[in-house]
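Participant: Let me begin by handing over the structure; questions about it come next.
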Amino acid sequence: MIKKLWQKIKTSGFIKSSLLVSISKVISSLSNLVFMIYAVNILSKNENGYFQYYLGFLPVILAIAELGIPTAIVKYLTPNLDNFKQVGDILAASLLIKMIAFFFLFLGGIFISSLFSLDPFILFMLVIGGTVTSFLTFFESIIVSHRDYKVLAFWNPLGNLTKLLILFLGNRFTETPLSYIDILGIFSLSPIFIIVLFFVLYRKRKLKWTGTSDGIRKKFRELTLFNLWAFAASILAIISDRLEIFFLKKYHTAEALAIYGTSLQLFSGFVILFSTLNSLVLPRLSVLQDQEDFKKFLVKSILVCFGISFLLSPGYFLAEPVLNLLFNNKYSESIPVFRILYPNYLLQLVFAPLGIALFAMGRPKILAMLAFLRLFFGILFDNFLIPELGVSGAAWSFFLGQIVSWLVLAGYFWAIFWK
63 MIKKLWQKIK
73 TSGFIKSSLL
83 VSISKVISSL
93 SNLVFMIYAV
103 NILSKNENGY
113 FQYYLGFLPV
123 ILAIAELGIP
133 TAIVKYLTPN
143 LDNFKQVGDI
153 LAASLLIKMI
163 AFFFLFLGGI
173 FISSLFSLDP
183 FILFMLVIGG
193 TVTSFLTFFE
203 SIIVSHRDYK
213 VLAFWNPLGN
223 LTKLLILFLG
233 NRFTETPLSY
243 IDILGIFSLS
253 PIFIIVLFFV
263 LYRKRKLKWT
273 GTSDGIRKKF
283 RELTLFNLWA
293 FAASILAIIS
303 DRLEIFFLKK
313 YHTAEALAIY
323 GTSLQLFSGF
333 VILFSTLNSL
343 VLPRLSVLQD
353 QEDFKKFLVK
363 SILVCFGISF
373 LLSPGYFLAE
383 PVLNLLFNNK
393 YSESIPVFRI
403 LYPNYLLQLV
413 FAPLGIALFA
423 MGRPKILAML
433 AFLRLFFGIL
443 FDNFLIPELG
453 VSGAAWSFFL
463 GQIVSWLVLA
473 GYFWAIFWK
């Protein structure tokens, strides 16, 4: 059996690519997890609360900086790799959209800072950091479009490894202890040091960054129309995922933020799994025109995700020893939160291929509607559960807020393929 399995791995390009990318994502995930553990152990509970609060803004800023570009790049670039003119038009239009996104981020940062009396320096730092990080995902989507999985495997962990290295050096060689502002700066700005490496890994012969005026305008309109719904889906999903952080800040202390946010960071591995799944599934679904082949590959992806979730399920019972070991019994209050959130992430993994399929089908509008449902029910549950139950209420709200959107998503595909 082992010999047959090994032979299948050696002869299957998809399996080899999956393993290669998965290993790199695991390294990236572990680096990010070690960064968070290291940071949390450096900071006091109060400072960690502020760190988790401001960190909640970064995914929102990143979503605005991306404006749905990574998904659009994979969808539109993958079928046109042999058309050099199309490649130039698509990439030039994408860069123009990213410039516009940065302009709106900058103005939005000024407005939010004055409206909510937030530290303008921290917000500006996060805006720059989110924009820089968005180029990492932008370049990653180009690599995914070319299916250069060896390059992708090298590229994936660079961002998180760089953050971890800078944090270690900063903590080791500075005389004064690092504050939450210092660590936020390291987390958001360190990707600056590796952006140039993309152009070393990817030679110009593979890409074209300029296009004709008419071609750029056409692709700008096409990408913008697709990206607006993709962006709406992304921003609503991210806000709903971080909603509990902001409501905990409203109803409870910074320590409650630290307890919930610290538990949430332990699920960074699942985020990497979602990213790996997107890298492997979206390009294949994007080029499958036959409905029957599309359905077969989608079902196969769901079954693989279900299998992975089943294999990961014993992690539920490791909450207490893992949290106590990582944080020296400092965050034992996070154990019940972890146990509520863990099944949620297992279910997210099972339903993830359906969301990817909607992007491949060019229907981000439906994803935006589903994300709005998550946000709507999340707000209801947050205001009902968090004031009374605190961090446990936040965890339950996060879980329950997604159930309706999962049911609607499953029902939609059932109506399409199995009605």
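Residues in the sequence shown are numbered consecutively from 63, following this note's numbering.
Built from N, CA and C at the ideal position, the CB exists for glycine as well.
Using only CA atoms, which one of Leu-462, Leu-344, Leu-92 lies nearest to Arg-436?
Facilitator: Looking at the Cα atoms, Leu-462 is the closest of the given residues.
Participant: Under the rule that 16 or more other beta-carbon atoms within 10 Å means buried, what is Val-453, buried or exposed?
Facilitator: Answer is buried; the Cβ neighbour count reaches 16.
Participant: Ile-478: buried (16+ other C-beta within 10 angstroms of its C-beta) or exposed?
Facilitator: Looking at its Cβ environment, which holds fewer than 16 other Cβ atoms inside 10 Å, Ile-478 is exposed.
Participant: Helix, strand or coil: how does DSSP classify Arg-279 here?
Facilitator: If DSSP states are grouped into helix, strand and coil, Arg-279 belongs with the helices.
Participant: Roughly how many angstroms separate the alpha carbons of Ala-433 and Ser-467, rounded to a whole number?
Facilitator: Those two C-alpha atoms are separated by around 7 Å.
Participant: Once the 5 residues before and after Leu-451 are set aside, which same chain residues still bring their CB inside 8 Å of it?
Facilitator: Excluding residues within five positions, the ones whose Cβ falls inside 8 Å are Trp-458.
Participant: Just how far apart, CA to CA, sit Glu-202 and Lys-392?
Facilitator: The straight-line gap from Cα to Cα measures roughly 37 Å.
Participant: Where does Trp-468 sit, in a helix, a strand or coil, going by DSSP?
Facilitator: In the structure shown, Trp-468 sits in a helix (DSSP, three-state: H, G or I).
Participant: Which same chain residues end up closer than 8 Å to Tyr-378 when comparing Cβ atoms and leaving out the 5 residues on each side of it in sequence?
Facilitator: Cβ neighbours of Tyr-378 beyond the five flanking positions: Arg-401, Tyr-404, Pro-405.
Participant: Touching or not, the region 184-203 and the region 223-230, by the rule of three or more beta carbon pairs under 8 Å?
Facilitator: No: fewer than three Cβ pairs fall under 8 Å.
Participant: Count the C-beta pairs between the region 87-105 and the region 320-332 that are closer than 8 Å, then say yes if the count reaches three, no if not.
Facilitator: Short answer: they touch.
Participant: Going along the chain, which residues of its own chain have a beta-carbon closer than 7 Å to the beta-carbon of Leu-124, five neighbours each way excluded?
Facilitator: Excluding residues within five positions, the ones whose Cβ falls inside 7 Å are Gly-192, Thr-195, Ser-196.
Participant: Tell me which residues share the same chain as Phe-282 and place their Cβ nearer than 8 Å to its Cβ, disregarding the 5 neighbours each side in the sequence.
Facilitator: If we look at Phe-282 and ignore the five residues flanking it on each side, its Cβ neighbours are Ala-155, Leu-158, Ile-159.
Participant: Do Ser-207 and Val-136 have their C-beta atoms within less than 7 Å of each other?
Facilitator: Yes, the Cβ-Cβ distance between Ser-207 and Val-136 is below 7 Å.
Participant: Alpha carbon to alpha carbon, how far is Tyr-313 from Ala-414? Give it in angstroms, no decimals.
Facilitator: Roughly 32 Å separates the two Cα atoms.
Participant: Rounded to whole angstroms, what's the CA-CA distance from Asn-110 to Ile-321? Just pull it up for me.
Facilitator: Looking at the two C-alpha atoms, the distance is approximately 9 Å.
Participant: Can you tell me whether Asn-386 is helix, strand or coil according to DSSP?
Facilitator: Note: Asn-386 maps to helix in three-state DSSP.
Participant: Spatial neighbours of Ser-375 within its chain, please: CB distance less than 8 Å, with the 5 preceding and 5 following residues excluded, ordered by chain position.
Facilitator: Excluding sequence neighbours, Ser-375 sits near Leu-408.
Participant: Do the region 207-223 and the region 253-261 touch if we need at least three Cβ pairs shorter than 8 Å?
Facilitator: A contact exists between the region 207-223 and the region 253-261.
Participant: Would you check if the distance between the CB atom of Ser-90 and the CB atom of Asn-222 is smaller than 7 Å?
Facilitator: Their beta carbons are under 7 Å apart, which means Ser-90 touches Asn-222 by this criterion.
Participant: With DSSP collapsed to three states, give me the class of Asp-181.
Facilitator: Coil, per DSSP.
Participant: If we call anything under 7 Å between Cβ atoms a contact, is Ile-243 one with Gly-118?
Facilitator: In this structure, Gly-118 does not lie closer than 7 Å to Ile-243 by Cβ.
Participant: Assign Gly-440 to one of three DSSP states: helix, strand, or coil.
Facilitator: Helix.
Participant: Under a three-way DSSP split, which group does Lys-270 fall into?
Facilitator: The answer is coil: DSSP assigns Lys-270 none of H, G, I, E or B.
Participant: Based on Cα-Cα distance, which residue from Ile-428, Ser-106, Ser-250 lies nearest to Val-290?
Facilitator: For the record, residue 290 in the displayed sequence is Leu; it is not Val. That would be Ile-428, whose Cα lies nearest to the Cα of Leu-290.
Participant: Counting only the same chain and skipping the five closest in sequence on each side, list residues whose C-beta sits under 7 Å from that of Asn-340.
Facilitator: Closer than 7 Å at Cβ, skipping near neighbours: Ile-418.
Participant: Taking Leu-180 as the reference, which of Tyr-138, Asp-151, Tyr-112, Lys-212 has the closest Cα?
Facilitator: Ranking Tyr-138, Asp-151, Tyr-112, Lys-212 by Cα distance to Leu-180 puts Tyr-112 first.
Participant: Give, in chain order, every unbroken run of the alpha helix (DSSP H) that is at least 4 residues long and sits entirely within the region 304-359.
Facilitator: DSSP runs (the alpha helix (DSSP H)) wholly in the region 304-359: 316-327, 330-349.
Participant: By alpha-carbon positions, which one of Val-384, Phe-460, Val-343, Asn-386 ends up nearest to Leu-420?
Facilitator: Leu-420 has its Cα closest to that of Val-343, out of Val-384, Phe-460, Val-343, Asn-386.
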